[in-house]
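Read the structure below first, then the notes.
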Amino acid sequence: MSSWFRKENSLTVNQKQRLLSSLENGMIQASQQYKGYSKIGEVLHLQGPHISLKALSTAIGHLQRRHPVLRSRLQINREKTNSYFLEEDDMLQLRIREIPRKRADHMILWRQEWREREKETTVIGQGLAEFWLLQDPDDDNDDNSPREIVVICEHSVCDACSLSTVLDELLIALSDDNNNMFTSSLNWPETMEAAIQRSLSIFGKVTTLTRFILGAIYLRATNRRAIARIPVANVDFPLTDMPDHCHTETCYAVLNKEETQKLVEKCRQEGVTVTSAISTAILCSASMLVNCNEGQSTALHFYNVADTRRRYVPPIPNHDLSFHVSGMMPFIIPTEDISMSSEGMWQLAKAYGHHMKRCIDGGQILALGIIIGKIFKKLFGPPSFDELPTVSISSWGVLPFHEQYGRWKLIGMTPFLNMVRGLNPYITIQTVNGILTIMCVGNDPIIPLRIVEKLLDSTMQKLYQMIGD
């Protein structure tokens, strides 16, 4: 345990190299070992004139000039087992795939391409991100056609906030709106572990972590009910072989601007956050899907992923391309206590929000961040349902995009993930230019697509019920 409080040595070997932290190493190792597991991507849906490969390449070059991670190659650290480092190379050219498609396929072809390529792993000695450009060659002379730019990145070196911020910068570079941004380089981004170390004193670390551990022990001692589970399929292969036999299935639901604004206003009236309201709708939906054996008491366990950037002193800006994600203790409620009435759901949303506030005020986000690298190493053991929550939720918040970038209009942004080793549904919530999107991810055939769709469809029904009443 003493290692949790030990100050992390500088990860910068020299100006051109940076060692990965314990958590970052674990995530890269998982990605390498489990066929790209946890890789993250975003699709920019644009409307406007033809985008040339040269123009996109130039814009990406601007990003590389600004972000050291994007001009770095992934290298193996020969001095330590399962350890990696980033090495800057000003000559590195990130992979750009130009994918022709028909206009009618602009909403589906990128998904088909991702399905075919999601298990590709980052090649040692190459960059950690790649880009795709999809458009119809027949629309080259049409200035009002749909186009897609896709980015795929190792999750160990980015999170939703930083990846979205960098894609906002990409569109700025593509439209030549503010090239002054790209005249100089940012410094190597700070790791989550290092940021927590500098934000807390030794006494602060001890008290924060002690409070967290005691809280976890109390939670375990006072919650003896079995964890309610979303139904999983019986498969004819061991769970250790999931990356070989499974693929990620994803479905999306969207609230338009008017519906999103109505939800925001309703949440203000009720005194809850949008995240708490949506999480409640998911809770209610999950309660109708979970397996319930007669005579067995179960409880729903909902785990919230949490951004750590604004918890530091001082905070870390979103433009630092790095992973700053932790969590908090799960929200637990007996399955039979879930109310399906609108009034009951808003009361549950308040209880959910109170739980999150108590966790945040108790320093749980930073406490878990101190030890998350150690916890992540458990991923390399046999997969187990024992401690797994019913559902995991990540709120990406309001992302930093604009509606217009020069001649291109941003219609929307669609996220995606590689979850080929996931054992429970994973849900994200985001708002881009006033449009709220919910993504629900499952690992098929362990969690079949029909279950993922049913969970999301029911969530939207509950959300509309909450908004409408």
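Number 1646 marks the last residue of the sequence shown (the numbering used here); no jumps. Positions of the beta carbon are idealized from the N, C-alpha and C atoms, including for glycine. What you are looking at is a predicted structure, and each value in this text was computed from that prediction instead of being measured.
Below 8 Å on the Cβ atoms is my contact criterion, and I expect residue i with residue j to pass it. Report the Cβ-Cβ distance as a whole number of Å.
i, j, result
"Arg1486", "Asn1495", "7 Å"
"Glu1207", "Ser1215", "What sits at residue 1207 in the sequence shown is Ala, not Glu. 6 Å between Cβ atoms; contact."
"Thr1427", "Met1616", "6 Å"
"Thr1450", "Cys1444", "6 Å"
"Leu1305", "Val1246", "7 Å"
"Cys1469", "Ile1515", "That belief does not hold up - the Cβ atoms of Cys1469 and Ile1515 are roughly 12 Å apart, past 8 Å."
"Leu1440", "Leu1613", "7 Å"
"Gly1540", "Arg1388", "7 Å"
"Trp1573", "Ile1606", "6 Å"
"His1239", "Asn1357", "In fact, because the Cβ distance is near 11 Å, the residues do not count as touching under 8 Å."
Give a yes or no on whether the minimum CB-CB distance between residue i and chain C is below 8 Å.
i, result
"Glu1264", "The structure shown contains no chain C; it holds only a single protein chain."
Quick one, which of the options has its alpha-carbon nearest residue i's?
i, options, result
"Lys1534", "Gly1521, Asn1481, Lys1551", "Asn1481"
"Gly1218", "Leu1240, Ser1339, Asn1191, Val1409", "Ser1339"
"Gly1599", "Ile1205, Ala1281, Asp1418", "Asp1418"
"Ser1561", "Phe1380, Arg1272, Leu1416", "Leu1416"
"Phe1508", "Met1284, Leu1498, Ala1476, Val1490", "Ala1476"
"Val1300", "Leu1391, Glu1367, Met1268, Lys1212", "Lys1212"
"Ile1329", "Val1409, Ser1341, Lys1554", "Ser1341"
"Asp1345", "His1227, Ile1326, Leu1626, Thr1298", "Ile1326"
"Ile1228", "Leu1310, Met1506, Asn1601", "Leu1310"
"Ile1459", "Arg1274, Thr1235, Asp1634", "Asp1634"
"Leu1347", "Met1637, Gln1581, Leu1626, Gln1642", "Gln1581"
"Tyr1641", "Asn1433, Phe1500, Asp1538, Glu1264", "Asn1433"
"Glu1307", "Ser1474, Leu1543, Glu1297", "Glu1297"
"Phe1578", "His1222, Asn1202, Gly1203, Gln1192", "His1222"
"Ser1503", "Met1517, Val1490, Ser1518, Ala1483", "Ala1483"
"Pro1511", "Ser1499, Leu1525, Met1505, His1501", "Leu1525"
"Met1517", "Ile1552, Ala1463, Ile1547", "Ala1463"
"Asn1601", "Arg1584, Pro1592, Ile1570, Phe1593", "Ile1570"
"Ser1234", "Arg1274, Met1506, Arg1255", "Arg1274"
"His1422", "Gly1302, Asn1620, Tyr1395, Leu1594", "Asn1620"
"Ser1499", "Asp1319, Glu1331, Asp1315", "Glu1331"
"Ser1352", "Gly1583, Gly1302, His1501", "Gly1583"
"Gln1209", "Ala1232, Val1629, Ala1393, Asn1259", "Asn1259"
Expressed to the nearest angstrom, what Euclidean distance is found between the alpha-carbon atoms of residue i and residue j?
i, j, result
"Met1596", "Phe1557", "15 Å"
"Gln1270", "Ser1322", "28 Å"
"Asp1354", "Asp1317", "22 Å"
"His1424", "Leu1565", "20 Å"
"Ile1285", "Glu1513", "39 Å"
"Phe1414", "Pro1622", "11 Å"
"Gln1194", "Val1568", "38 Å"
"Asn1610", "Met1369", "28 Å"
"Leu1237", "Ala1350", "What sits at residue 1237 in the sequence shown is Ile, not Leu. When rounded, the distance between both Cα atoms is 8 Å."
"Asp1266", "Thr1457", "47 Å"
"Ser1376", "Gln1446", "35 Å"
"Glu1520", "Ser1333", "41 Å"
"Leu1587", "Val1343", "15 Å"
"Lys1382", "Glu1295", "38 Å"
"Asp1497", "Asn1364", "9 Å"
"Met1637", "Thr1608", "16 Å"
"Lys1555", "Gly1225", "47 Å"
"Gln1252", "Tyr1603", "30 Å"
"Glu1367", "Ser1378", "18 Å"
"Ser1362", "Arg1243", "4 Å"
"Lys1279", "Arg1292", "18 Å"
"Phe1359", "Asp1336", "21 Å"
"Ile1276", "Gln1312", "7 Å"
"Asp1563", "Leu1543", "25 Å"
"Ala1410", "Arg1401", "26 Å"
"Pro1202", "Tyr1261", "Contrary to the premise, residue 1202 reads as Asn rather than Pro in this sequence. Whole-angstrom Cα-Cα distance: 6 Å."
"Ile1404", "Ile1548", "24 Å"
"Gly1550", "Ile1205", "12 Å"
"Tyr1529", "Val1412", "35 Å"
"Leu1230", "Arg1406", "47 Å"
"Ile1545", "Thr1452", "Before going on, a small fix: residue 1545 reads as Leu here, not Ile. Approximately 20 Å between the Cα atoms of the pair."
"Ile1537", "Gln1192", "36 Å"
"Met1505", "Asp1282", "40 Å"
"Ala1454", "Met1643", "8 Å"
Label residue i either buried or exposed according to how many other C-beta atoms from any shown protein chain fall within 10 Å of its C-beta, with 16 as the threshold for buried.
i, result
"Pro1492", "exposed"
"Ser1249", "buried"
"His1531", "exposed"
"Met1465", "exposed"
"Met1522", "buried"
"Gln1241", "buried"
"Thr1385", "buried"
"Leu1632", "buried"
"Gln1374", "buried"
Is residue i near the ligand MG - that is, is its Cβ less than 7 Å away from at least one heavy atom of it?
i, result
"Arg1535", "For the ligand MG, the structure offers nothing, since it holds no ligand at all."
Which residues does DSSP pair with residue i in a beta bridge?
i, result
"Arg1274", "Trp1309"
"His1424", "Asp1621"
"Leu1251", "Leu1263"
"Leu1543", "Answer is none; Leu1543 lacks a bridge partner."
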